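Visitor: Got a structure for you, written out below as structure tokens; questions coming shortly.
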Amino acid sequence: MAYKKNEEFDDEVTSSLTKNYKEILSNLVDNSDREGLEKTPERVAKAMQYLTQGYHLDAKAILSSAKFHEDVSEMIIVKDIELYSMCEHHLLPFYGKAHVAYIPNGYITGLSKIARVVDVYSRRLQVQERLTQQILNAIKDTLNPLGVAVVIEASHLCMMMRGVQKQNSVTTTSAFDGEFMKNATRSEFLKLIGANLH
Ligand SMILES: [Zn+2]
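Under the numbering used here, the residues of the sequence shown are numbered 3 to 200, in order.
Listed below in structure tokens is the structure:
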């Protein structure tokens with residue numbers, strides 16, 4: 003299901019959020035009712051609903067909608083999937099790339115569905131560790147593959163703009179299951195995505 007601008011915003015939620023963001027703005031800036039900020043509460047209300055739309059989407063249903071029987075048992079890798087999420091501690095973005103691999107056990111899914119699953123869990127309030135595990139679990143539970151691996155490399159604005167201000171730090175998280183618990187399989191995957199885990 004593609005994102006549909008008109009259907010995505012619940013009027014009641016939008017008006018409640020708008021009211022609250024108006025209050026927040028008035029606490030942060032002097033003249034929050036000046037022209038440039040006039041429509042900001044409503045815009046933020048809609049933007050935040052967009053950025054959290056993953057709560058209304060079902061990753062397993064998306065994967066199942068394109069589940070095909072196929073006798074392949076080679077590793078399937080989708081790498082460099084763009085990812086934009088929001089840290090649940092500061093409500094600031096983190097962004098980067100996800101690399102996902104699985105070894106089929108009779109069933110494969112559409113490659114674009116893997117990217118959709120990354121979106122479904124990214125568009126929620128997240129911590130990177132949980133996001134990584136949720137992507138793995140959705141694939142594991144739906145396709146029952148011989149193994150699944152997920153690596154996420156992301157930059158967190160809450161670290162870059164505030165706090166420790168480490169502008170160039172990248173956080174890497176990983177989750178492995180099944181065949182990827184074996185060193186050889188895991189190494190092959192990490193080599194293919196060009197990641198260097200310690
Ligand atoms: Zn944070």
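Backbone N, C-alpha and C fix where the C-beta goes; we use that ideal spot for every residue, glycine too.
For clarity, every value in this text was computed on a predicted model and none was experimentally measured.
(1) So, using beta-carbon positions, are residue 2 and residue 130 closer together than 8 Å?
(2) Count the other C-beta atoms from every protein chain shown that fall within 10 angstroms of the C-beta of residue 88, then say buried if there are 16 or more, exposed otherwise.
(3) Measuring CB atoms only, is the region 29 to 44 touching the region 98 to 107, in the sense that at least three cross pairs come out at less than 8 Å?
(4) Just checking residue 30 against ligand 1 - is the residue's beta carbon closer than 7 Å to any of the ligand's heavy atoms?
(5) For ligand 1, is there a heavy atom less than 7 Å away from the beta-carbon of residue 127?
(6) Would you kindly work out how many angstroms separate the C-alpha atoms of residue 94 and residue 75, rounded to a whole number?
(7) Tell me where the alpha helix (DSSP H) around residue 119 begins and ends.
(8) Determine the extent of the beta strand (DSSP E) in which residue 179 is found, giving its start and end residues.
(9) Within the continuous beta strand (DSSP E) that includes residue 41, where are the two ends?
(10) In chain order, what residues of the same chain have a beta carbon less than 6 Å from the beta carbon of residue 77, not counting five sequence neighbours either side?
(11) Taking the CB atoms as reference points, tell me whether residue 85 and residue 124 lie closer together than 8 Å.
(12) If contacts are defined as beta-carbon pairs under 8 Å, then residue 121 and residue 56 qualify, I think. What distance do you get, rounded to the angstrom?
(13) Looking at the structure shown, is residue 58 part of a helix, part of a strand, or coil, going by DSSP?
(14) According to DSSP, which residues form a beta bridge with residue 99?
(15) Look at the alpha carbon of residue 161 and the alpha carbon of residue 167, and state the distance between them as a whole number of angstroms.
Guide: The short version:
(1) The structure shown has nothing for residue 2, since the chain only spans 3 to 200.
(2) Here residue 88 is taken as the residue at index 86 of the sequence shown, counted from 1. Its Cβ being crowded by 16 or more others within 10 Å, residue 88 is buried.
(3) At 8 Å Cβ cutoff, the stretches do not touch.
(4) In the sequence shown, counting from the first residue as 1, residue 30 sits at position 28. Not under cutoff, so the answer is no.
(5) Sequence index remark: in the sequence shown, residue 127 carries index 125 (1-based). In this structure, residue 127 has its beta carbon at no less than 7 Å from each heavy atom of ligand 1.
(6) For the purposes of this step, residue 94 is taken as the residue at position 92 of the sequence shown. For the purposes of this step, residue 75 is taken as the residue at position 73 of the sequence shown. Near 40 Å, if we compare the C-alpha coordinates of residue 75 and residue 94.
(7) The residue you call residue 119 lines up with position 117 of the sequence shown. From DSSP, the alpha helix (DSSP H) with residue 119 extends over 113 to 124.
(8) As a working mapping, residue 179 is identified with position 177 in the sequence shown. Taken as a continuous stretch (DSSP letters only), the beta strand (DSSP E) holding residue 179 covers 173 to 180.
(9) As a first step, residue 41 must be located in the sequence shown, where it is residue number 39. Residue 41 -> no beta strand (DSSP E), and no H or E assigned at all.
(10) The residue you call residue 77 lines up with position 75 of the sequence shown. Closer than 6 Å at Cβ, skipping near neighbours: 103, 105.
(11) Here residue 85 corresponds to residue number 83 of the sequence shown, with the count starting at 1. Here residue 124 corresponds to residue number 122 of the sequence shown, with the count starting at 1. In contact: residue 85 and residue 124 (Cβ atoms closer than 8 Å).
(12) Taking the first residue of the sequence shown as position 1, residue 121 is located at position 119. Taking the first residue of the sequence shown as position 1, residue 56 is located at position 54. Rounded, the Cβ-Cβ distance is 7 Å, consistent with contact.
(13) One-based indexing of the sequence shown puts residue 58 at position 56. Residue 58 falls in the helix class under three-state DSSP.
(14) The residue you call residue 99 lines up with position 97 of the sequence shown. Answer by DSSP bridge pairing, in chain order: 84, 155.
(15) Counting from 1 along the sequence shown, the entry for residue 161 is found at position 159. Counting from 1 along the sequence shown, the entry for residue 167 is found at position 165. Residue 167 has its alpha-carbon roughly 5 Å from the corresponding atom of residue 161.
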